[in-house]
Amino acid sequence: MNQPRYAVIGDPIGHSLSPVMQNTFFACMDQPGEMVPIHVKKGEVPAFFSSLEEEGIRGFNVTMPHKEAAMLCCDELDDVARLTRSVNCVVRTEEKHAVGYNTDAEGLRLAVEREGFSYEGQDILILGAGAVTRPIAYTMAQTARSITFANRTQSAAEEAADFLKEHTECVTFSCDFSTEVLSAAASESTMLINATPLGMQGVDAQFEDLSFLDALTENAPVIDLIYRPACTAFLAYAKEKNHPVMNGLTMLLMQGALSFRHFTGVMPDEGALKAAYEILKNA
Ligand code: NAP
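Each position in the sequence shown, counted from 1, maps to that position plus 1411 in the working numbering.
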């Protein structure tokens, strides 16, 4: 019997760890299904949606740069996907409706909890104001005390802050990316998140000066959304200063687990999560 087909789309797509993760979940949870990577170029997302019936694809994950294009093609959206214009998981219903979800935001929240941290009551400093920041910040804003966006292009930080002001009750600030300004913001923060690609494998750019971390509130958790390398220079510096740290691998795992639940109706159990985590860590 043919397995139900699932996909992950992106441009490029060869590097995606979603197939190996989802196929581990299918095997461990004894659920029928197989995920394959499909290279969908920019501008071809609507055509991909039109091909779902013919290709027999029941659901799929969406990675860069298609999260907004996918949102525009869905028939229904969950709240985070609609408000933040970002879809990373699509499921087809029996009525052939494409329902779009954002599992990045809830995935990071679950990952943070899994590592023993919480957004509740925190003053969170987010470095970056790109595609992933709106969904994650919107979810943080439900329980955090304040959120500050620091970004190289300050207007993008301002827009992210305005978005939260419009849609949440959270106190929100924005600032630029100079070391002095980052130091001042860090001194007021109890949680720090890197949502830029600085320090990522394959990216040349690095933080030029990490001394703003010296000003961060003692014991504040420091999170890097990057998972390759496992320990960036940013995380290594924070560790040296005795901050508890986490990288982006558990977020990758948990957004995948939530996607699997949308695909199959079943959340991967602890054994499946651990098996997939080990495979991702060594991939
Ligand atoms: P994006 O939309 O491309 O945004 C990148 C952000 O980084 C922008 O705010 C950009 O600032 C800033 N930036 C880029 N180069 C910079 C530099 N040289 N100096 C200072 N700032 C710089 O990317 P994204 O989708 O938001 O993703 C951000 C990070 O999160 C990436 O590292 C990605 O791998 C990671 N991520 C991880 C997961 C996971 O599951 N762990 C999921 C999603 C994303 P400007 O506005 O000035 O350009």
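Just so it is clear, CB atoms sit at the ideal spot from N, CA and C, and this is done for glycine as well. Because the structure is a prediction, the values reported are computed rather than measured.
By the three-class DSSP mapping on this structure, what secondary structure does residue i have?
{"i": "F1618", "result": "coil"}
{"i": "M1602", "result": "strand"}
{"i": "A1540", "result": "coil"}
{"i": "G1511", "result": "strand"}
{"i": "E1506", "result": "coil"}
{"i": "R1416", "result": "strand"}
{"i": "I1424", "result": "coil"}
{"i": "I1690", "result": "helix"}
{"i": "A1561", "result": "strand"}
Just how far apart, CA to CA, sit residue i and residue j?
{"i": "N1693", "j": "A1686", "result": "11 Å"}
{"i": "L1660", "j": "T1607", "result": "15 Å"}
{"i": "P1655", "j": "R1545", "result": "24 Å"}
{"i": "F1645", "j": "L1624", "result": "9 Å"}
{"i": "S1622", "j": "L1536", "result": "15 Å"}
{"i": "L1538", "j": "N1605", "result": "5 Å"}
{"i": "A1540", "j": "V1447", "result": "30 Å"}
{"i": "G1682", "j": "T1495", "result": "32 Å"}
{"i": "I1637", "j": "T1643", "result": "8 Å"}
{"i": "M1475", "j": "Q1414", "result": "26 Å"}
{"i": "L1593", "j": "I1547", "result": "20 Å"}
{"i": "E1517", "j": "S1529", "result": "12 Å"}
{"i": "K1576", "j": "E1466", "result": "42 Å"}
If you drop the 5 nearest sequence neighbours on each side, which residues of the same chain put their C-beta closer than 7 Å to that of residue i?
{"i": "T1601", "result": "Q1533, D1534, T1628 and A1631"}
{"i": "Q1442", "result": "T1675 and V1677"}
{"i": "C1484", "result": "V1456, P1457, F1460 and A1509"}
{"i": "A1384", "result": "Because the chain spans 1412 through 1694 in this model, residue 1384 falls outside it and cannot be assessed."}
Cβ atoms of residue j and residue i: under 8 Å apart, would you say?
{"i": "M1432", "j": "L1691", "result": "yes"}
{"i": "C1581", "j": "A1596", "result": "no"}
{"i": "V1502", "j": "V1510", "result": "yes"}
{"i": "F1436", "j": "F1671", "result": "yes"}
{"i": "T1583", "j": "S1557", "result": "yes"}
{"i": "A1572", "j": "F1560", "result": "yes"}
What residues in its chain sit with their C-beta under 8 Å from that of residue i, if we drop five residues either side in the sequence?
{"i": "L1663", "result": "L1428, M1432, G1518, Y1638 and L1691"}
Just to confirm my understanding: we take residue i, look at its own chain, exclude 5 residues before and 5 after, and list those with CB closer than 6 Å. What are they?
{"i": "I1449", "result": "A1418 and I1420"}
{"i": "G1695", "result": "The question about residue 1695 has no answer here: the residues shown for the chain are numbered 1412 through 1694."}
inquiry  = Please give me, in chain order, every unbroken run of the beta strand (DSSP E) with length at least 3 that falls completely inside the region 1443-1509.
reply    = 1445-1450, 1468-1473 and 1500-1503
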